[in-house]
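Student: Here you go, one structure.
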Amino acid sequence: MRRHSFTTLIAIALVTAGALSAGTMSFDYTTTGTIGGSPPNIVFNPQSTAVTGSTNAIGDALGLALGSFTLTKPGGNTTINYNNIFTLDLIFAAPTVSGSTTFDALLSGTLMNGTGPSGVDLVFSPSSKVFNLTSPSTDWFRFNVHNILGMDNSAGGPATYYLTGEITDAQGNFAPAAVPE
Numbered sequence: 265m266r267r268h269s270f271t272t273l274i275a276i277a278l279v280t281a282g283a284l285s286a287g288t289m290s291f292d293y294t295t296t297g298t299i300g301g302s303p304p305n306i307v308f309n310p311q312s313t314a315v316t317g318s319t320n321a322i323g324d325a326l327g328l329a330l331g332s333f334t335l336t337k338p339g340g341n342t343t344i345n346y347n348n349i350f351t352l353d354l355i356f357a358a359p360t361v362s363g364s365t366t367f368d369a370l371l372s373g374t375l376m377n378g379t380g381p382s383g384v385d386l387v388f389s390p391s392s393k394v395f396n397l398t399s400p401s402t403d404w405f406r407f408n409v410h411n412i413l414g415m416d417n418s419a420g421g422p423a424t425y426y427l428t429g430e431i432t433d434a435q436g437n438f439a440p441a442a443v444p445e
């Protein structure tokens, strides 16, 4: 009897694992983004060239480009204090996702002229979101956006900071990419 229960548990585990299996998911996306209040000396450069790829066998794709921020030094004895909302929007050409694809962050800190102690942070809250695919509706993946802490431009020309993210835990029975004839 005990052996039968153990066999049943293994069968249930295998069926559950198969139903929730990670898979290789193809993706294609670009980004847009806006900084509320249009603060000076910082610009978001969206990922306007499509990023195309696929997750690995366990459903992850790491180090994905989402755009960049360029900071320039303020002139004179100017200090710029940031307390602005940044909205990032992921635009997926593939896969087709349902629901909102936006992430909100707080851009905060101080940018000083010269060699003063500058520090501008970009903190997303929440920094992770689950996206459901429109078909089949049981497929999904998690997208994580990384914060950028300690951006500064105390000396020299413009400074560029790269925004990155990742797809994790892609779950479903993803169809393989079509092979052109």
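Residues are numbered in the working numbering as their position in the sequence shown, beginning at 1, plus a constant of 264.
Even for Gly, the Cβ is constructed at its ideal location relative to N, Cα and C.
Using the Cβ count rule (16 or more neighbours within 10 Å means buried), how would you classify proline 359?
Tutor: Per the 10 Å Cβ criterion, buried.
Student: Report the residue ranges of all alpha helix (DSSP H) runs contained in full by the segment 325–374; include only those spanning at least 4 residues, in chain order.
Tutor: Entirely contained in the segment 325–374, not one alpha helix (DSSP H) run reaches 4 residues.
Student: At what residues does the beta strand (DSSP E) containing methionine 415 begin and finish?
Tutor: That run of the beta strand (DSSP E) goes 412–415.
Student: Taking the Cβ atom as the reference point for each residue, do isoleucine 431 and aspartate 324 lie within a distance shorter than 8 Å?
Tutor: Yes, the Cβ-Cβ distance between isoleucine 431 and aspartate 324 is below 8 Å.
Student: By Cβ distance below 6 Å, which residues in the same chain neighbour asparagine 309 in space, the five residues on each side in sequence not counted?
Tutor: Correct list, in chain order: Gly331, Ser332.
Student: Just how far apart, CA to CA, sit asparagine 411 and asparagine 437?
Tutor: Computed Cα separation, rounded: 31 Å.
Student: Check the C-beta distance from phenylalanine 367 over to valine 315 and give it rounded, since I have them as a contact under 8 Å.
Tutor: With 8 Å as the limit, phenylalanine 367 and valine 315 do not qualify as a contact, their Cβ atoms being about 16 Å apart.
Student: Quick one: residues in its chain with C-beta nearer than 7 Å to the C-beta of glycine 317, no 5 flanking neighbours on either side, listed in chain order?
Tutor: Only Phe291, Ala325 meet the Cβ criterion.
Student: Is there a Cβ from chain D that is less than 8 Å from the Cβ of alanine 434?
Tutor: Any reference to chain D falls outside this structure, which holds one protein chain only.
Student: Can you grab the Cα-Cα spacing for the pair alanine 423 / asparagine 305, in whole Å?
Tutor: Taking the straight line from one Cα to the other gives about 10 Å.
Student: Distance check for serine 312 and alanine 434, CA to CA, integer angstroms please.
Tutor: The alpha-carbon atoms of alanine 434 and serine 312 are separated by roughly 24 Å.
Student: Find out if the Cβ-Cβ distance for the pair glycine 297, phenylalanine 350 is shorter than 8 Å.
Tutor: Yes; because the gap between Cβ atoms is below 8 Å, this pair is in contact.
Student: Between the C-alpha atoms of tryptophan 404 and asparagine 320, what's the straight-line distance to the nearest angstrom?
Tutor: Going by the C-alpha atoms only, they are around 15 Å apart.
Student: For aspartate 416, I'd like the list of residues in its chain whose CB is within less than 6 Å of its CB, leaving aside the five on either flank, ordered along the chain.
Tutor: Counting only Cβ-Cβ distances below 6 Å, and skipping sequence neighbours, we find Ser382, Gly383.
Student: Please classify serine 302: does DSSP put it in a helix, a strand, or coil?
Tutor: Of the three classes helix, strand and coil, the one that applies to serine 302 here is coil, per DSSP.
Student: Nearest to leucine 397 by alpha carbon, out of Thr365, Ile344, Thr334, Pro303?
Tutor: Per the Cα distances, Thr365.
Student: Nearest CA to the CA of isoleucine 322: which residue from Gly287, Leu375, Ser362?
Tutor: The shortest C-alpha separation from isoleucine 322 is found at Gly287.
Student: Please classify leucine 375 as buried or exposed, where buried requires at least 16 other C-beta atoms within 10 Å of its C-beta.
Tutor: Buried is the call here.
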